[in-house]
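One structure below.
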Amino acid sequence: MKLYGSTTSPFVRRLRIWLANVEHEFINMEIFEGEDRELLARRNPTMKIPMLDDDGQTIFDSRVIFRYLTEKLDYPRLSWAQENQLTLIDAVNDSLVQMLLLQRSDFDTKDDRMYFKLQRERADNALQHLDDLVEQGHFSDWNYPTICLFCLIDWIEFRNMHDLASFRHLLAMRNEHAQRIEATATDPRH
Ligand SMILES: N[C@@H](CCC(=O)N[C@@H](CS)C(=O)NCC(=O)O)C(=O)O
């Protein structure tokens, strides 16, 4: 089983952590240039990572990869509440990845324009909701939704993509798990 991705992508890191005890090969790509981009274009028309290759069966998208592996490994399915948690996490992740790409394209994303405001509002609103869920104990197990939330919060800090100061419970959750071996082994800063 080969997992194609990069060390900095939070969508890839969640699967690397979740697969910590499952044998797989991680293929670290430079998705924005050169041969790796050509490979990605040939193999995955969405031109996004992660992508899984399981003995010739290719799967796109972290959420679908998770479902595929859950079935293959006979792991328990997520509850609908957990699916909604993942949707919140993915919504923030998608918005902030877009903001990062805009920044790299020389846009001032702090500007008061509608598109930037919508992304900031979504991030604030969803992060507040996730902070409340952490406070209520919904992320107390180190399971897939918690891993995804950890990867999001750690990536926001790493890329400095949003002010997290008011999200005390999210920061505490991140700090609680930061020294786990699978977290340090996949830290995007190294
Ligand atoms: N819905 C996708 C999102 C994946 C995604 O946005 N990956 C980013 C890296 S963090 C990417 O490949 N971006 C390339 C691009 O947008 O051109 C998933 O869950 O796998």
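Residue numbers (our numbering): 585 to 774.
All residues carry an ideal CB built from backbone N, CA and C; glycine is no exception.
Own chain residues within Cβ distance below 7 Å of residue i, not counting five before or after
i	result
Ala707	Val676, Ser679, Leu680, His746
Ala710	Leu672, Ala675, Val676
Met613	Tyr588, Gly589, Ser590, Asp620, Leu624, Ile633
Phe580	Outside the displayed span of the chain (585 to 774) sits residue 580, for which this structure offers no information.
Ser646	Phe595, Arg598, Leu599, Pro634
Length of the line joining the Cα atoms of residue i and residue j
i	j	result
Arg621	Ile615	5 Å
Gln687	Tyr699	13 Å
Leu754	Leu748	8 Å
Trp739	Glu760	15 Å
Thr654	Arg743	30 Å
Thr630	Gly640	18 Å
Tyr652	Phe751	33 Å
Gly618	Arg626	13 Å
Ala592	Trp726	The amino acid occupying residue 592 in the given sequence is Thr; Ala does not appear at that position. Those two C-alpha atoms are separated by around 21 Å.
Tyr643	Thr770	It is worth fixing the name first, because residue 643 is Ile in this sequence and not Tyr. Near 22 Å, if we compare the C-alpha coordinates of Thr770 and Ile643.
Ala604	His713	28 Å
Asp658	Lys701	42 Å
Ile765	Trp602	12 Å
Arg697	Ala665	33 Å
Leu685	Gly721	33 Å
Bounding residues of the alpha helix (DSSP H) (the contiguous stretch that carries residue i)
i	result
Lys656	646-657
Gln669	664-688
Trp797	Residue 797 is absent from the structure shown; the chain starts at 585 and stops at 774.
Leu717	698-719
Glu619	618-627
Ala769	765-769
Ile615	Here Ile615 belongs to no alpha helix (DSSP H), and DSSP marks it neither H nor E.
Phe595	594-602
Close-in-space but distant-in-sequence residues of the same chain around residue i (CB under 6 Å, 5 per side omitted)
i	result
Gln703	Ser679, Met683
Phe650	none
Ile737	Leu754, Arg758
Gln669	Pro729
Met585	His608, Asp638
Cys735	Pro594, Arg597, Arg598
Beta-ladder partner(s) of residue i, from DSSP
i	result
Glu533	Outside the displayed range of the chain (585 to 774) lies residue 533, so it cannot be described from this structure.
Lys754	According to the sequence as given, residue 754 is Leu; it is not Lys. In DSSP, Leu754 forms no bridge with anything.
Thr642	Asp637
Same chain, Cβ closer than 8 Å to residue i, neighbours up to 5 away in sequence not counted
i	result
Thr768	Ala762
Arg773	Phe742
Asp660	Note on identity: in this sequence residue 660 is Pro, with Asp being the wrong assignment. Counting only Cβ-Cβ distances below 8 Å, and skipping sequence neighbours, we find Thr654.
Inter-stretch contact (C-beta, 8 Å, three-pair minimum) for the stretch 685-693 and the stretch 713-724: The stretch 685-693 vs the stretch 713-724: no contact.
The stretch 635-653 touching the stretch 591-608, judged by at least three CB pairs closer than 8 Å: They touch, by the three-pair rule.
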